[in-house]
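Chains as they are written, first to last, in our numbering: chain A, 1 to 135; chain B, 1001 to 1069.
Glycine included, each C-beta is placed from N, C-alpha and C at the ideal position.
To start, the structure under review is shown below, and the notes come after it.
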């Protein structure tokens, strides 16, 4: 009975980082695709300083941001450059959380940024291309 | 299935699922009724009173004499 418990515990632990990585990948893919398919619906979230940063139109910046999240979200899903993709997405979310400020959405984004940072610190799990390439 | 192709298959399914879901929602936009922060345009509550509403909005008359007695 003891060995059965330790066996299931070990199996469950193996899937913890996989679920974390795929869940965060789905999150970034959802927001990324939403911005890519309908940039105009997301312009109101764009900070003024970001809109004035370049000659690119606000819709163009949203589109760029959307593709950034789609590509890095896909990298997370594949487990490709897992550490770097998660670190970049984490910093990206920290900036968003700071811009949103102290409210329900800002707190949620801040914790999601911390979660993504934890994924970066944890590194690639056994179901990633990173790990497959090293074996 | 080759174990090396498993991450690719999982990623393809995830990207296709999420991308398809968002694409379908973009083509057929609907307000998310579960989110109370999103109020559809034109769905604000009408707070204007009807013309003959004075009878229902007056406060009840308190019979002070009756209470004293």
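query	result
Chain B contacts made by the stretch 19-51 of chain A, where a contact means CB separation under 7 Å	22, 25, 26, 29, 30, 33, 34, 37 and 38
Local Cβ density within 10 Å of residue 90/A, reported as buried at 16 or more and exposed below that	buried
Supposed close pair residue 1015/B, residue 29/A - CB separation, criterion 8 Å	6 Å
Positions along the stretch 73-85 of chain A whose CB lies within less than 7 Å of some CB in chain B	74, 77, 78 and 79
Under 8 Å by beta carbon: chain B residues contacting residue 127/A	1006, 1007 and 1010
The alpha helix (DSSP H) enclosing residue 67/A, as first and last residue numbers	58-78
Beta-carbon gap between residue 93/A and residue 109/A smaller than 8 Å	yes
Spatial neighbours of residue 75/A in its chain, beta-carbon cut-off 7 Å, leaving aside the 5 residues before and after	81 and 85
Proximal residues to residue 47/A (C-beta, below 7 Å), its chain only, five neighbours per side dropped	99
Outcome for residue 14/A when other beta-carbon atoms lying within 10 angstroms are tallied against a minimum of 16	exposed
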